[in-house]
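Working notes for the structure below.
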Amino acid sequence: KIVLANGKEILFCCPKAMFDLYFRPFNFPEYNIKEEKDFKQLLVKDYISGQWIDAKKALYVFGSRLQGPKGDDLIPVRNKDVLNVYMLKYGGSRVLTFPDIKKRGFGLIKFLDMP
C-alpha cells in the first residue's frame, strides 16, 4: 500500500501494481501525485509473515515459482534470513532492492507483464 502525504491510503493487489502507480502517477490523476514528496510511505507485505514492511527496505525476489495475482511479480521479504527460507521453498533467479527497482523503473514492471 501507499500512504500519501495527505493521509490517503491506497491498497494494491500486489507489489507490481504498487510500483505501476509509483513510477507512473500521471496515469492515476485521481490521487493528485505531482512529486516524490507526495508519497509519505510505501509498504508491502512480507510474503512469509504477512506483516507490513517498509517497501524501501524490503528485498524482492524475481523469477520464483510463485506468482502474484497479476502474474509474474516481485515477491517481498523482510530480510536475508527470510529470503533464505523463501528461496529454499520457492526458488528465485534474482534478488532486487528498492534502489535496484527504482533504477530500472517502469521498464521492469512492463517486463513482468510480458507473456
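Each step along the sequence shown adds one to the number in the working numbering, with nothing skipped, and position 23 is 25.
Backbone N, C-alpha and C fix where the C-beta goes; we use that ideal spot for every residue, glycine too.
Just checking, does the segment 42–61 make contact with the segment 90–100 on the three C-beta pairs under 8 Å criterion? yes
Could you name the residues of the same chain whose beta carbon sits closer than 6 Å to that of Lys59, not counting the 5 residues immediately before and after it, in chain order? Along the sequence shown, read from residue 1 onward, the residue named residue 59 stands at position 57. Cβ within range, chain order: n/a, list empty.
Among residues of its own chain, excluding the 5 on either side of Cys16, which ones have a beta-carbon nearer than 6 Å to its beta-carbon? For the purposes of this step, residue 16 is identified with residue 14 of the sequence shown, where counting begins at 1. Excluding sequence neighbours, Cys16 sits near Gly70, Pro71, Lys72, Asp75.
Closest by C-alpha distance to Pro101, when choosing among Ala57, Phe64, Asp115, Leu114: Here residue 101 is taken as the residue at index 99 of the sequence shown, counted from 1. Of the listed residues, the one whose Cα sits closest to Pro101 is Ala57.
Buried/exposed call for Lys18, threshold 16 Cβ in 10 Å: Locating residue 18 in the sequence shown gives position 16, counting from the first residue. It is buried - the Cβ of Lys18 has at least 16 other Cβ atoms within 10 Å.
According to DSSP, what are the bridge partners of Arg96? Along the sequence shown, read from residue 1 onward, the residue named residue 96 stands at position 94. Answer is Phe64.
Burial state of Val79, where buried means 16 or more other Cβ atoms lie within 10 Å: Taking the first residue of the sequence shown as 1, we reach residue 79 at position 77. It is buried - the Cβ of Val79 has at least 16 other Cβ atoms within 10 Å.
In the DSSP assignment, find the beta strand (DSSP E) that holds Lys3 and state where it starts and stops. Translated into the one-based positions of the sequence shown, residue 3 becomes position 1. Lys3 -> no beta strand (DSSP E), and no H or E assigned at all.
Which residue marks the beginning of the alpha helix (DSSP H) containing Lys18, and which one marks its end? Counting from 1 along the sequence shown, the entry for residue 18 is found at position 16. It spans 17–25 - the alpha helix (DSSP H) in which Lys18 sits, taken as one unbroken run.
Here's the rule I'm using: 16 or more other beta-carbon atoms within 10 Å means buried, otherwise exposed. How should Leu13 be labelled? Locating residue 13 in the sequence shown gives position 11, counting from the first residue. The Cβ neighbour count for Leu13, taken over all protein chains shown within 10 Å, is under 16; the residue is labelled exposed.
Among Asn8, Val5, Asp22, whose alpha-carbon lies nearest the alpha-carbon of Ile111? As a working mapping, residue 111 is identified with position 109 in the sequence shown. Of Asn8, Val5, Asp22, the residue nearest in Cα terms is Asp22.
Give me the Cα-Cα distance between Ile77 and Lys3, rounded to the nearest whole angstrom. Here residue 77 is taken as the residue at index 75 of the sequence shown, counted from 1. Here residue 3 is taken as the residue at index 1 of the sequence shown, counted from 1. So the two alpha carbons sit approximately 14 Å from each other.
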